[in-house]
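In order, the protein sequence lines correspond to chains A and B.
Heads up: the first sequence at position 178 corresponds to 177 in numbering that gives the first Met the number 0, and the numbers run straight through without jumps.
Heads up: the second sequence at position 249 corresponds to 248 in numbering that gives the first Met the number 0, and the numbers run straight through without jumps.
Heads up, the beta-carbon is just placed ideally off N, CA and C, and yes, glycines get one too.
What you are looking at is a predicted structure, and each value in this text was computed from that prediction instead of being measured.
One structure below.
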Amino acid sequence: MRRLRVATKAPSQNTVAPPPPTTHFQGEVEHGHDHDDHHVLQHHFDDMDQQRESISLGMWTFLMTEIMMFSGLFFCYALFRWKFYDAYLLGSQQLNITLGTINTFVLLASSMTMALAVHAAQTRDRKRLVAYIIGTIIFGGAFLGVKAVEWKADYDEGLVPTISWDPTHWPTVHHMAEDKHAPAAHRALAQQVTSDSSTVPDFKHFDKGPDGQLRPQEVSVQQVKMYFLLYFCMTGLHAIHMVAGILILIPMLLMAMAGSFTNGNDQPIEIFGLYWHFIDIVWVFLFPLLYLIAGFHMFGGGSH
Amino acid sequence: MVSTSAEGLGLTPRTPVEVPADSAEPENYLNVTYGVKSWLLTLDHKRIAVLYLISVSIAFFLGGIAAALVRINLLQPQGYLLSPETYNKMFTAHGILMVFFFLIPAIPATLGNFLVPMMLGAKDLAFPKLNLLSWYLYIIGFALSLAALVLGGVQTGWTFYAPLSSQYTNGPVVLVALGIFIAGFSSILTGLNFIITIHKMRAPGMTWFRMPLFLWSMYATSLIQVLGTPVVAITILLLAVEIIFKAGVFDATTGGDPVLFQHLFWFYSHPAVYIMLLPGMAVISELITCFSRKPVFGYRFVAFSSMAIAVISFLVWGHHMFTTDQSPLASTVFSVLSFLVAIPSAVKVFNWTATLYKGSIRLTTPMLYALGFIGLFCIGGLTGLHLASMATDIHLQDTYFVVAHFHYVMVGSTVMAYLGGVHFWWPKITGRMYPEGWGRTAAITLFVGFSLTFTPQFIAGYNGMPRRYAMYAPEYHVMNVLSTAGATIMGLGYLLPVLYLLWSLKYGEKAGPNPWRATGLEWQTASPPTTFNFDRTPVVTIGPYAYSAESDEIEDAHYDMQRAQMEYEAAQAKIAADRRLSEMSDGHTAEGQEMIAKATSQSGDEEAPRGH
């Protein structure tokens, strides 16, 4: 081993020096809870800027994970929309566009009140902040209420895979069986469903269509089932996020009433706002992809 | 037995000479508060790291038991111990426990949790409460999965391929999947915490390119955790939906696509391989450079290779599906992209070996693990290329060749790195040295046992032995007996560190702040550190690896001189004191007589004044 034994060699004492230090130190450690101001600086941050930036970046990173999570579902949606395009149109036509549209505007309104709440917190206006948070909760709750009404209708109309699945109860299927303007595939399926609901058409093989694209030859009930499965997964996951948002917002309302966010400590409202807007944006994508792909016509308007 | 002191390694400990060894322990993160509550509600990243260390060790132990049962069963071609059904449950339990509850959290959540703030010069991670929450999520997920694995057992393998997992299994797959789902959020929170901490909490002067390479790898790992884990979470949810509602996107009977499951699963799980491997590389970069006493070769290349691995890892998942209906074009693209991963991996290996070149190498326990890592990782990585080539993969798919390949990467590399890291930072975590001789013995035992276990599996797999069967053709008998024998040695290699590390908690030599004379910020504070890591916020002025053998010698000399000087002065003082004492007691001096007179006249509760 290569230790140098120079302790006995006195003359070398002046020639050797310790290596330069890799670090030096500045300042005493500060576990600063600044009691005079209402800015609550946590002990492990050096200053408010660092804390604000960290929390903000943390929320954006969390939203990235949320995007990746939803994108798994969007990928499945895209894949099966490509495979079962006609079935998607048929399924989409069973939804209530009116309620969906109302809900979209309700949710956009909640996003607006949320944005106003952030502004109220920044301008330290406690009354308005409380009002806007209440508004956000009401609009969010209204969205969930309308959604619940829709799901109940879906249940009654036999649109819920496995739990309540009955094509003969679908709202448009009887009209479609007689509608001359509906696409042939849809009409055939509707006629089949209405004439004998016990036989479920089989999943057909892919064929190359006239446009050179692979398409299933006819729409089957199973393909529509896939649409509704994804419809419930996507709107369900979205609704879970809404519920979580409202559950967080209620204690924030109580804190806002106590004046916790209008004393300069407005960041929690801003951070929650990011989350709320994110849920809103998810719905902005879900609404056209699920409700509007067949167009506003009653039957088959958006079909190729 | 080899000397257990750091001096025996050719490194002079930097323990301050003036501190007597038997003085009371100064306040540190371990003794600042006591009691179960102070641990379960702690927000200190170091304590949470210790909680994780204990939890992942339990997961490793349980997963190891399952592996032992599997290996014992394979002693005979017809099965030795277990029914085929139990065998399936055992290898599934082994895979799930090891992958989701040991390998993924092992290095990031224990060593990473402990070291990321310290290496940055920060007091804690950016979000201490999220950090604690992540441990609780891990525990809840672990408990759920473990209960399901023990009480019911699933036979799907850790990959949960549909429709095996959805239509043909009778075990509590949903419960196991729920456990993994919850543990996934633990992983996301850890990654998120690291990303924000590395971005925002670097000490003054700690630029990106002054960060230790450990942090670069940890950052790359965190990116994968944050971007990949949510995808497997939603995949698991879709699988649960399919099982509960008996209709789903993976169900071919309703127009779904089972291969879609494989795509979504591997979109996360192949990057997850790098969640397990990159932290191992992070540890190795630190060990190699410290025990070569040389700055790491090509710092920026090693740093960027971590990022490159993280990015490319998201583009290679299709190489798990060469034998499905995946189009030849897609397979070709995935094959080429998989080969690309070899480039940054090789950059790391070459840079590590270049760091060794002309270094003054110290064969300490951590270094033995590190050298073992390089060798085993090369074998594991290069056999991966056989599997990334479409033609050879057709032959090797689902054989023991695959098993051996990923065990070389997961166990031979990651677990070796983990153990190396645990030994390296053990003095920092506990304040005590482990017994060096036992450490080296265990490292060598592990290497020998590992090689004996998995090398025969390459041969058996190449000859066509399929994986995941409880029975096999008699021609593979010899290889399996060898493999089980090796596993026994390997088990010993795992048992030894548990015993001597626990022993060292009480009997180990006190380590001092920097027993390895390493350069990271974490070594510039006490061992164990105080709750806030540093007395003052450190300011960084140079890069992370200011190692040089010359400066070691100078430092050794300086240290020796200092110590000799102090010993000399202490001896002089002692002689003088003795002389005075004897003179005083004999009453030879006027001063002494005066003192004796004074002492006898007083009641005794007052100390005699010192005369000058």
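Closer than 9 Å at the beta carbon, the chain A residues around residue i
| i | result |
| --- | --- |
| Lys245 of chain B | Pro160, Thr161 |
| Val173 of chain B | In chain order: nothing, as chain A lies at least about 15 Å away. |
| Leu263 of chain B | Gly71, Phe74, Cys75 |
| Leu177 of chain B | Per Cβ cutoff of 9 Å: no residues; Leu177 of chain B is ~15 Å from chain A at best. |
Neighbouring residues, chain B, relative to residue i (Cβ below 7 Å)
| i | result |
| --- | --- |
| Thr60 of chain A | Leu191, Ile194, Ile195, Val225 |
| Gly57 of chain A | Ala125, Phe126, Leu191, Ile195 |
| Phe83 of chain A | Gly254 |
| Leu78 of chain A | Leu259 |
Amino acids of chain A, ordered along the chain, whose beta-carbon sits closer than 7 Å to that of residue i
| i | result |
| --- | --- |
| Ile233 of chain B | Met68, Gly71, Leu72 |
| Asp123 of chain B | His43 |
| Gly255 of chain B | Met225 |
Buried versus exposed, by CB contacts within 10 Å (16 or more), residue i
| i | result |
| --- | --- |
| Met366 of chain B | buried |
| Gly31 of chain A | In this predicted model, Gly31 of chain A has a pLDDT of only 42, less than 50, meaning its place in the structure is not dependable; the value taken from the coordinates is given anyway. By the 10 Å Cβ count, Gly31 of chain A comes out exposed. |
| Gln77 of chain B | exposed |
| Arg578 of chain B | exposed |
| Pro20 of chain A | With a pLDDT of 45 at Pro20 of chain A, under the threshold of 50, the modelled position of that residue is not reliable, and the figure given next carries that caveat. Counting Cβ neighbours within 10 Å, Pro20 of chain A comes out exposed, since fewer than 16 surround it. |
| Thr109 of chain B | buried |
| Val230 of chain B | buried |
| Gln592 of chain B | exposed |
| Lys122 of chain B | buried |
| Lys597 of chain B | exposed |
| Glu156 of chain A | buried |
| Pro278 of chain B | buried |
| Ser37 of chain B | exposed |
Proximity below 9 Å, CB of residue i to CB of residue j
| i | j | result |
| --- | --- | --- |
| Thr220 of chain B | Pro294 of chain B | no |
| Phe313 of chain B | Ser334 of chain B | no |
| Arg292 of chain B | Gly358 of chain B | yes |
| Val348 of chain B | Cys377 of chain B | yes |
| Ile669 of chain B | Phe99 of chain B | In the structure as shown, chain B starts at 0 and stops at 611, and residue 669 of chain B therefore has no counterpart that could be examined. |
| Asp43 of chain B | Pro127 of chain B | yes |
| Leu375 of chain B | Phe446 of chain B | yes |
| Asn350 of chain B | Phe300 of chain B | yes |
| Gly156 of chain B | Thr85 of chain B | no |
| Gly448 of chain B | Leu491 of chain B | yes |
| Asp397 of chain B | Pro465 of chain B | yes |
| Phe244 of chain B | Ile162 of chain A | yes |
Opposing strand residues paired with residue i [DSSP bridges]
| i | result |
| --- | --- |
| Ser163 of chain A | A:Val159 |
| Arg431 of chain B | B:Lys509 |
| Pro465 of chain B | B:Thr398 |
Residue from the options with nearest C-alpha to residue i
| i | options | result |
| --- | --- | --- |
| Phe69 of chain A | B:Leu263, B:Leu504, B:Gly507, B:Asn479 | B:Leu263 |
| Ala387 of chain B | B:Ser337, B:Phe376, B:Thr364 | B:Ser337 |
| Phe113 of chain B | B:Ser268, B:Lys427, B:Asn513 | B:Lys427 |
| Tyr267 of chain B | B:Gln571, B:Ala572, B:Ile187, B:Ala525 | B:Ile187 |
| Leu212 of chain B | B:Ala302, B:Thr252, B:Met275 | B:Ala302 |
| Ile132 of chain A | A:Phe284, A:Ala293, A:Met254 | A:Met254 |
| Gly183 of chain B | B:Ile139, B:Leu214, B:Thr168 | B:Ile139 |
| Gly463 of chain B | B:His476, B:Leu451, B:Thr452 | B:His476 |
| Phe60 of chain B | B:Thr41, B:Leu96, B:Thr85 | B:Leu96 |
| Phe372 of chain B | B:Ile181, B:Leu74, B:Glu285 | B:Glu285 |
| Arg46 of chain B | B:Thr429, B:Thr536, B:Glu474 | B:Thr429 |
| Ala114 of chain A | A:Leu291, A:Gln266, A:Ala293 | A:Gln266 |
| Ala120 of chain A | A:Pro287, A:His276, A:Leu273, A:Gly263 | A:Gly263 |
| Ser55 of chain A | A:Ile270, A:Gln41, A:His174 | A:Ile270 |
| Met89 of chain B | B:Leu102, B:Ala67, B:Ile103, B:Ala545 | B:Ala67 |
| Gly511 of chain B | B:Gln523, B:Met117, B:Gly62 | B:Gln523 |
| Ala142 of chain B | B:Thr530, B:Thr452, B:Met432, B:Ile57 | B:Ile57 |
Within chain B, partners of residue i - CB distance below 9 Å
| i | result |
| --- | --- |
| Ser259 of chain A | None at all; the shortest Cβ gap to chain B is about 18 Å. |
| Ser53 of chain A | Ala125, Phe126, Ile195, Thr196, His198, Lys199, Met200 |
Residues that residue i contacts on chain B, provided the C-beta gap is smaller than 8 Å
| i | result |
| --- | --- |
| Thr64 of chain A | Ile187, Leu191, Val225, Leu226, Thr228, Pro229 |
| Gly157 of chain A | By Cβ distance, chain B contributes nothing, its closest Cβ being about 14 Å from Gly157 of chain A, past 8 Å. |
| Gln49 of chain A | Lys199, Met200 |
| Gln266 of chain A | What Gln266 of chain A touches in chain B: nothing, since even the nearest Cβ is about 14 Å away. |
| Gln222 of chain A | Gly254 |
Where residue i meets chain A, residues with beta-carbon distance less than 8 Å
| i | result |
| --- | --- |
| Thr240 of chain B | Looking at the sequence itself, residue 240 of chain B is Val, so the reference to Thr does not match. The contacting residues are Leu228, Cys232. |
| Leu29 of chain B | Near Leu29 of chain B there are no residues of chain A at all, since even the closest Cβ is about 19 Å away, more than 8 Å. |
Per-residue contacts from residue i into chain E (C-beta, under 8 Å)
| i | result |
| --- | --- |
| Leu273 of chain A | Annotation note: the requested chain E is absent from the structure, which comprises protein chains A and B. |
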